[in-house]
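Read through the structure below, which is laid out as structure tokens, and then see the notes.
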Amino acid sequence: MMIRNTVTKSSKRSFSVLSSLKATEQSSSKTKSTKEVKYENLSEAQRAYLSRVIRVDQAGELGANYIYAGQYFILANKYPHLKPVLKHMWEQEIHHHNTFNNLQIKNRVRPSLLTPFWKVGAFAMGAGTALISPRAAMACTEAVETVIGGHYNEQLRCLNNQYNLDKSDNSGVGQTEEVKSLIANIKQFRDDELEHLNTAIEHDSHLAVPYYLLTESIKGICRVAIWGAERI
Numbered sequence: 009m010m011i012r013n014t015v016t017k018s019s020k021r022s023f024s025v026l027s028s029l030k031a032t033e034q035s036s037s038k039t040k041s042t043k044e045v046k047y048e049n050l051s052e053a054q055r056a057y058l059s060r061v062i063r064v065d066q067a068g069e070l071g072a073n074y075i076y077a078g079q080y081f082i083l084a085n086k087y088p089h090l091k092p093v094l095k096h097m098w099e100q101e102i103h104h105h106n107t108f109n110n111l112q113i114k115n116r117v118r119p120s121l122l123t124p125f126w127k128v129g130a131f132a133m134g135a136g137t138a139l140i141s142p143r144a145a146m147a148c149t150e151a152v153e154t155v156i157g158g159h160y161n162e163q164l165r166c167l168n169n170q171y172n173l174d175k176s177d178n179s180g181v182g183q184t185e186e187v188k189s190l191i192a193n194i195k196q197f198r199d200d201e202l203e204h205l206n207t208a209i210e211h212d213s214h215l216a217v218p219y220y221l222l223t224e225s226i227k228g229i230c231r232v233a234i235w236g237a238e239r240i
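Residues in the sequence shown are numbered from 9 upward in steps of one, following this note's numbering.
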């Protein structure tokens with residue numbers, strides 16, 4: 009009986025020691041795997057471009073937010089079947105805007121000086137096209153999201169091509185976590201915008217009157233707004 013107890017106690021001690029060693033190894037392995045990789049510093053031009061991306065995208069999502077606010081204000085009660093559709097797209101734009109707001113604050117990026125104009129102009133665009141007809145509002149959405157989707161694709165090309173930095177341990181090149189996170193956000197938001205574009209087409213945006221006048225005019229306004237927000 010004493011022998012059995014001794015063996016049991018010895019086994020428990022061995023198990024305790026092995027468990028402790030295993031936990032230590034796992035902790036050490038985890039520390040190594042999560043060790044932060046350091047990269048060369050961004051150039052002034054690269055930092056300036058990142059600030060420009062955050063500023064223009066914050067302004068763009070602010071504009072989109074107000075466009076959907078205008079559309080929702082006019083159409084939600086008059087056309088109840090459109091209410092959940094507009095609400096879904098609007099909520100996504102609010103999320104996009106909040107994300108870039110946080111990035112703007114975190115990175116101390118100056119907001120566009122034209123922000124008050126984006127608010128007024130975007131709400132007027134959303135409400136104005138909605139007053140024409142639901143199809144005109146959808147044509148507005150199609151035009152805006154076409155331009156924004158292309159704009160995001162241009163940013164992704166630049167970020168993927170111009171932000172591969174040398175690692176400090178000479179193990180190759182890669183992107184900082186900051187750049188990776190920005191790319192991931194832009195990709196997701198780009199996909200959301202293209203979803204909105206498809207939603208607009210599904211809701212007969214092409215049947216809006218006058219379709220080409222509306223869409224081409226709005227595309228032109230969006231391109232001018234992007235140019236201004238990047239620089240002013």
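The beta-carbon is built from N, C-alpha and C at its ideal position, and this holds for glycine as well.
Using the rule of at least 16 other Cβ atoms within 10 Å of the residue's Cβ for burial, across every protein chain shown, is residue i buried or exposed?
| i | result |
| --- | --- |
| SER213 | buried |
| ASP200 | buried |
| ASN73 | buried |
| ARG165 | exposed |
| LEU167 | buried |
| ALA192 | exposed |
Closer than 8 Å by C-beta to residue i: which residues in its own chain qualify, once you throw out the five before and the five after it? Chain order, please.
| i | result |
| --- | --- |
| GLY236 | SER120 and LEU122 |
| ILE102 | ASN73 |
Of the choices the options, whose alpha-carbon is the least far from that of residue i?
| i | options | result |
| --- | --- | --- |
| ILE75 | ARG63, MET97 and TYR87 | MET97 |
| ASP65 | THR107, ALA77, LEU90 and GLN79 | THR107 |
| CYS230 | LEU70, ASN172 and ARG165 | LEU70 |
| ILE62 | VAL232, LEU190 and VAL217 | LEU190 |
| LYS127 | ALA67, ILE226, ALA192 and LYS188 | ALA67 |
| THR149 | LYS195, SER51 and LEU202 | LEU202 |
| GLN196 | LEU50, ASN49 and GLN100 | GLN100 |
| GLY157 | ILE194, SER51, TYR171 and GLN170 | ILE194 |
| MET133 | SER51, GLY228, THR184 and ILE240 | GLY228 |
| GLU52 | GLN170, ILE209 and VAL217 | GLN170 |
| VAL93 | ILE209, LYS188 and VAL217 | ILE209 |
| GLY129 | ARG239, GLN183, VAL187 and ILE226 | ILE226 |
Give every residue of the same chain whose Cβ lies closer than 7 Å to the Cβ of residue i, excluding the five residues on either side of it in the sequence, and list them in chain order.
| i | result |
| --- | --- |
| ILE82 | ALA135, ALA138 and LEU139 |
| ILE234 | VAL64, GLY68 and HIS159 |
| LEU50 | none |
With distances taken between CB atoms, is the gap from residue i to residue j smaller than 8 Å?
| i | j | result |
| --- | --- | --- |
| ASN110 | SER59 | no |
| ALA77 | PHE131 | yes |
| ARG118 | TYR160 | no |
| ALA147 | TYR219 | yes |
Could you tell me how far apart the beta carbons of residue i and residue j are, in whole angstroms, since I believe they sit closer than 8 Å?
| i | j | result |
| --- | --- | --- |
| GLN54 | ALA145 | Actually they are not in contact, since the Cβ atoms of GLN54 and ALA145 sit about 39 Å apart, beyond 8 Å. |
| ALA151 | THR223 | 4 Å |
| HIS204 | GLU162 | Their Cβ separation, rounded to whole angstroms, is 18 Å, which puts HIS204 and GLU162 out of contact at 8 Å. |
| PRO8 | LEU90 | Residue coverage of the chain in this structure runs from 9 to 240, which leaves residue 8 outside it and unanswerable. |
Here's a check: name, in chain order, each residue in its chain whose Cβ is nearer than 6 Å to the Cβ of residue i, leaving out the five neighbours to either side.
| i | result |
| --- | --- |
| LEU215 | ARG143 |
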